[in-house]
Structure formats: structure tokens, C-alpha cells
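*Asks:* Let me give you the structure first, and then I'll get to my questions.
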Amino acid sequence: MDQKHQPPQSVRLDKWLWAARFYKTRALAKEMINGGKVHYNGARTKSSKNAEVGAIVKIRQGYDEKEVVIVKLSEQRQNASIAQTLYQETPESARKRADNAEARRLNILNNPSPDTKPDKKQRRELLRAKSGDY
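Position in the sequence shown (first residue = 1) + 7 = my numbering.
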């Protein structure tokens, strides 16, 4: 094979996240890595870290947290179907995301607001409960 079609031997983590379409820009990928939203093999990392096949990457995006295993390396951003072949989400991660999505849908995680305001007696009980004066 010629030099153009060989898979890269090493790719920066921010570049791989961009190529795998987790983030729209490399700058955003770098910002998320530096902000602690991305963990590489269970630890915080730097954007210049070289991604390796078989490594576990944990990515937090909004409410969701994905845990993926790197299957292939790529330096180029291509269409979504090709980008999805670069990684494989772990079964536990997929199940956990589905459970969280269902809980959000049922509004369990978001402390739903009551239908009416508490009356004077209920407010006093709430204040007592918060301060621990029961």
C-alpha cells in the first residue's frame, strides 16, 4: 500500500475525537479534554495524548456520558457512518445512557415542580426539615 492509504500509527486524542465526530471542531475537543469532560483509560488527560487502539475513552456530553473503546485511528473527519466505525460503545454505557434518558423522560431526575405552591404550614415543615429541627 502507498503512504496515503495506510492507517495512521498515532493520532492526537483531540484529533481523534474530532474525526470520530464527538465534537464539531478540534478546538472544542481540546477544550473539553482540558476541562475534564474526557477521561482516557480512567484518568484525566491532555489533548496532545496519543490515542491507541483498545483504549477506553469516557466522554461527557450534556446529560449523557459515553464510554467507548477505540477500534480504529483516523486523522480525517469523514461522514458519520465511517466515523462510527472508529469506536465501539461499551454495553454498560449504552444501557446506562438508555436508563438515564428514560428517567429524564419521566422527569425523575429533574425534581418536577409541584402543581401548587406550599401553604404556610407546608413552608414551615419544609424549613424545619431543611434545618434538621424535626
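Cβ coordinates follow ideal geometry from the N, Cα and C atoms, glycine included.
1) Among Lys31, Thr32, Glu59, Ile63, whose alpha-carbon lies nearest the alpha-carbon of Val45?
2) Using three-state DSSP, classify Ala58 as helix, strand or coil.
3) How long is the line joining the alpha carbons of Arg101 and Val75, rounded to whole angstroms?
4) Which residues share a DSSP beta bridge with Arg67?
5) Given a cut-off of 8 Å on the beta-carbon distance, is the pair Arg51 and Gly43 in contact?
6) Would you call the segment 83-91 and the segment 21-29 in contact, with 3 or more CB pairs under 8 Å?
7) Buried or exposed: where does Lys22 fall if 16 or more other Cβ atoms within 10 Å of its Cβ makes it buried?
8) Tell me whether Lys37 is buried or exposed, calling it buried when 16 or more other Cβ atoms sit within 10 Å of its Cβ.
9) Which residue from Asn107, Ile77, Ala108 puts its Cα closest to that of Thr97?
10) Please state the DSSP three-state secondary structure of Arg111.
11) Taking the alpha helix (DSSP H) that Glu95 falls in, what are its first and last residues?
12) In chain order, what residues of the same chain lie with their CB nearer than 7 Å to the CB of Tyr94, ignoring the 5 residues before and after it?
13) Note down the Cα distance separating Arg19 from Ala108, rounded to an integer number of angstroms.
*Replies:* Well, looking at it:
1) Residue 45 sits at position 38 when you count from the first residue of the sequence shown. Taking only the C-alpha atoms, the option nearest Val45 is Ile63.
2) Taking the sequence shown and counting its residues from 1, the one referred to as residue 58 is at position 51. Reduced to three states, the DSSP call for Ala58 is strand.
3) On the sequence shown, residue 101 is found 94 positions in, with the first residue counted as 1. On the sequence shown, residue 75 is found 68 positions in, with the first residue counted as 1. Before going further, note that residue 101 is Ala rather than Arg in the sequence given. If I take the Cα positions, the gap works out to 10 Å.
4) Indexing the sequence shown from 1 puts residue 67 at position 60. Glu72.
5) What you label residue 51 is simply residue 44 of the sequence shown in a count that begins at 1. What you label residue 43 is simply residue 36 of the sequence shown in a count that begins at 1. Taking 8 Å as the Cβ cut-off, Arg51 and Gly43 qualify as a contacting pair.
6) Flag = yes, the segment 83-91 and the segment 21-29 touch.
7) Taking the sequence shown and counting its residues from 1, the one referred to as residue 22 is at position 15. The residue in question, Lys22, is buried, as its Cβ has 16 or more Cβ neighbours within 10 Å.
8) On the sequence shown, position 30 is the one that residue 37 refers to. So Lys37 counts as buried.
9) Against the sequence shown, residue 97 aligns to sequence position 90. Nearest C-alpha to Thr97: Ile77.
10) As a first step, residue 111 is located in the sequence shown; it is residue number 104 there, counting from the start. Look at Arg111 here: in three-state DSSP terms it is helix.
11) Taking the first residue of the sequence shown as 1, we reach residue 95 at position 88. The displayed chain sequence assigns Gln, not Glu, to residue 95. Per DSSP, Gln95 belongs to no alpha helix (DSSP H); it is in the beta strand (DSSP E), 94-96.
12) As a working note, residue 94 is residue 87 in the sequence shown. Short of 7 Å from the beta carbon of Tyr94, and not among the five residues preceding or following it, lie these beta carbons of its own chain, in chain order: Ala27, Val75, Val76, Ile77, Val78.
13) Counted from its first residue, the sequence shown places residue 19 at position 12. Counted from its first residue, the sequence shown places residue 108 at position 101. Rounded to whole angstroms, Arg19 to Ala108 spans 31 Å at the Cα level.
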